Amino acid sequence: MDDPLAQEYSDQLKLQIVARIEAQGGWLSFADYMHACLYTPGLGYYSAGSHKLGAGGDFTTAPEISPLFGRALAVHIADVGRQLGEYEVLEFGAGSGRLAVAILQQLALLKALPERYLILEASADLQQRQQELIEDQLPALAERVVWLSEPPADFKGIMLANEVCDAMPVHLLAYSEDGVVEQGVSLTADGFAWQSKKIEDRRLLTKAVKIRQQIGEQTYQTEVNLLADDWLQSLADSLSQGAIFIIDYGYPFAEYYRPERRQGTLRCYYRQQAHDNPLVLPGLQDITAHVNFTALAEQALSSGLDVAGFHEQSDFLLAGDITMLAAELEQQLDAVKWLQQSSALKQLLMPGAMGHQFKVLTLSRDLEVLPRLQMQDRRYQL
Ligand SMILES: C[S@@+](CC[C@H](N)C(=O)[O-])C[C@H]1O[C@@H](n2cnc3c(N)ncnc32)[C@H](O)[C@@H]1O
Numbered sequence: 354m355d356d357p358l359a360q361e362y363s364d365q366l367k368l369q370i371v372a373r374i375e376a377q378g379g380w381l382s383f384a385d386y387m388h389a390c391l392y393t394p395g396l397g398y399y400s401a402g403s404h405k406l407g408a409g410g411d412f413t414t415a416p417e418i419s420p421l422f423g424r425a426l427a428v429h430i431a432d433v434g435r436q437l438g439e440y441e442v443l444e445f446g447a448g449s450g451r452l453a454v455a456i457l458q459q460l461a462l463l464k465a466l467p468e469r470y471l472i473l474e475a476s477a478d479l480q481q482r483q484q485e486l487i488e489d490q491l492p493a494l495a496e497r498v499v500w501l502s503e504p505p506a507d508f509k510g511i512m513l514a515n516e517v518c519d520a521m522p523v524h525l526l527a528y529s530e531d532g533v534v535e536q537g538v539s540l541t542a543d544g545f546a547w548q549s550k551k552i553e554d555r556r557l558l559t560k561a562v563k564i565r566q567q568i569g570e571q572t573y574q575t576e577v578n579l580l581a582d583d584w585l586q587s588l589a590d591s592l593s594q595g596a597i598f599i600i601d602y603g604y605p606f607a608e609y610y611r612p613e614r615r616q617g618t619l620r621c622y623y624r625q626q627a628h629d630n631p632l633v634l635p636g637l638q639d640i641t642a643h644v645n646f647t648a649l650a651e652q653a654l655s656s657g658l659d660v661a662g663f664h665e666q667s668d669f670l671l672a673g674d675i676t677m678l679a680a681e682l683e684q685q686l687d688a689v690k691w692l693q694q695s696s697a698l699k700q701l702l703m704p705g706a707m708g709h710q711f712k713v714l715t716l717s718r719d720l721e722v723l724p725r726l727q728m729q730d731r732r733y734q735l
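Numbering (the working numbering), first residue to last: 354 to 735.
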């Protein structure tokens, strides 16, 4: 169990959610519940001051395990930057700030620094941690890093989001022989409980019909990320020229709705333990769902963006010269540190680890073909 203070925060959050459920007539959509659990100011999982990312946290992301991830990404960023001339980078959900540090260090080496490195972070607590890390590790570049609260108008450059879409609140659908309903959260004497309701949101209904065509008559539970569509639309509105790299775990449409995922992809992480009950430990555990990359690509096209590539993370990092960058790093480290980095490299690249579980969707506007993205491109799967 967490320390008493964390437990007190969780109890406070629980009271707020209970009040909200009561105010809404006894039912809260799962998306609203998840939003409250993760992003309630001062109390939500991403908004309170607990240590989530990295070795001592609940989960580990690629930038936390090795700077090589950010360096290889920087090689792709520099390619786009060269086409654009003066450009900026905009990172969404920058976590601890480690990815920004690795990217800026590599771009400095490549002599391809952006005019500014912008960060848009949903959590005030993480924003503060990012500021501290960047001032500590990159004093000479810190003034180029600027935090925003919304995407800027007329943005020319590269936007990137690593493991951001999987942290967005999702709606839950439950299919049975009686039809499809939306799952939400209600109250019982024992606490939060699942309760279903007729789907009212028109966008959700349209998605539900399309998913039914894919899954057939199976009993099935799945997630729909409507917020990702709105988010992508806001990126498209902002981007005048450049590229967007979206990196996350997930699948294209046909693979997403396979029979083995009939319980959905919703997962909770508490102290490196995965489980599937989001109704416990509000504010203390992470809640995530896999990303439907076809849905993102369709939204991108309807927002007027081009879909420039879809890659397994391993192929994308190899195209970003990660093995050459690793050889350079080996020269700089002692044997023990290098051993850690070579095992991190395997984790980033191996098919059974992050190499194939994670995908990179590249979107673009007004760009020439990017040669590095022509190898192992899997857009045909979308
Ligand atoms: C799983 S963490 C990943 C952090 C970091 N990108 C990494 O790879 O270590 C998810 C991050 O996305 C942020 N986030 C979620 N939704 C967001 C949104 N709509 N805009 C910006 N940041 C968001 C969270 O606050 C958190 O920093």
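Yeah, the Cβ is synthetic: ideal placement off N, Cα and C, and Gly gets one too. Bear in mind the structure is a predicted one, so any value in this text is a computation, not a measurement.
Below 8 Å between beta carbons: does that hold for residue i and residue j?
i           : j           : result
residue 644 : residue 603 : yes
residue 382 : residue 392 : no
residue 340 : residue 397 : Residue 340 is absent from the model: the chain starts at 354 and stops at 735.
residue 577 : residue 628 : no
residue 762 : residue 556 : Look at the range of the chain in this structure, 354 to 735, and you will see that residue 762 is not part of it.
residue 787 : residue 660 : Only positions 354 to 735 of the chain appear in this structure, which leaves residue 787 out of reach.
residue 634 : residue 623 : yes
residue 575 : residue 649 : no
residue 675 : residue 421 : yes
residue 520 : residue 641 : yes
residue 514 : residue 446 : yes
residue 380 : residue 490 : no
Quick one, which of the options has its alpha-carbon nearest residue i's?
i           : options               : result
residue 500 : 506, 473 and 490      : 473
residue 612 : 528, 553 and 548      : 528
residue 731 : 646, 486 and 626      : 646
residue 423 : 720, 595, 670 and 717 : 670
residue 699 : 380, 496, 438 and 667 : 667
residue 384 : 358, 558, 535 and 477 : 535
residue 616 : 626, 630 and 683      : 630
residue 471 : 448, 444, 477 and 366 : 444
residue 485 : 657, 454, 723 and 656 : 454
residue 720 : 548, 482, 658 and 395 : 658
residue 531 : 516, 550 and 537      : 550
residue 426 : 689, 691, 597 and 718 : 597
Take residue i and list the residues in its own chain whose beta-carbon comes closer than 6 Å to its own, dropping the five residues that flank it on each side.
i           : result
residue 546 : 539
residue 663 : 714, 731, 732 and 735
residue 672 : 725 and 728
residue 518 : 581, 601 and 644
residue 740 : Given that the chain is displayed from residue 354 to residue 735, the structure contains no residue 740 and the question cannot be resolved.
residue 621 : 628, 631, 638 and 640
residue 599 : 514 and 714
When every heavy atom of ligand 1 is checked, does at least one fall within less than 7 Å of the C-beta of residue i?
i           : result
residue 521 : yes
residue 498 : no
residue 578 : no
residue 416 : yes
residue 445 : yes
residue 517 : yes
residue 535 : no
residue 622 : no
residue 602 : no
residue 449 : yes
residue 386 : no
residue 335 : Only positions 354 to 735 of the chain appear in the structure, and residue 335 is not among them; the question remains open.
residue 452 : yes
residue 476 : yes
residue 547 : no
residue 399 : yes
residue 479 : yes
In whole angstroms, give me the CA-to-CA distance for residue i and residue j.
i           : j           : result
residue 428 : residue 677 : 11 Å
residue 607 : residue 564 : 10 Å
residue 701 : residue 415 : 7 Å
residue 542 : residue 637 : 22 Å
residue 487 : residue 704 : 32 Å
residue 331 : residue 610 : Shown here, the chain extends from 354 to 735; a query on residue 331 therefore has no answer.
residue 418 : residue 572 : 38 Å
residue 458 : residue 544 : 48 Å
residue 370 : residue 376 : 10 Å
residue 386 : residue 497 : 36 Å
residue 560 : residue 567 : 11 Å
residue 711 : residue 448 : 17 Å
residue 462 : residue 552 : 52 Å
residue 554 : residue 570 : 22 Å
residue 363 : residue 522 : 18 Å
residue 366 : residue 479 : 19 Å
residue 625 : residue 516 : 16 Å
residue 689 : residue 706 : 22 Å
Report all residues from its chain with a CB closer than 8 Å to the CB of residue i; omit the five preceding and five following residues, and keep chain order.
i           : result
residue 440 : 433, 434, 467, 468, 509, 510, 511 and 595
residue 652 : 581, 582, 585 and 586
residue 482 : 449 and 450
What residues in its chain sit with their C-beta under 7 Å from that of residue i, if we drop five residues either side in the sequence?
i           : result
residue 430 : 442, 456, 460 and 511
residue 696 : none
residue 361 : none
residue 437 : 509, 510, 594 and 595
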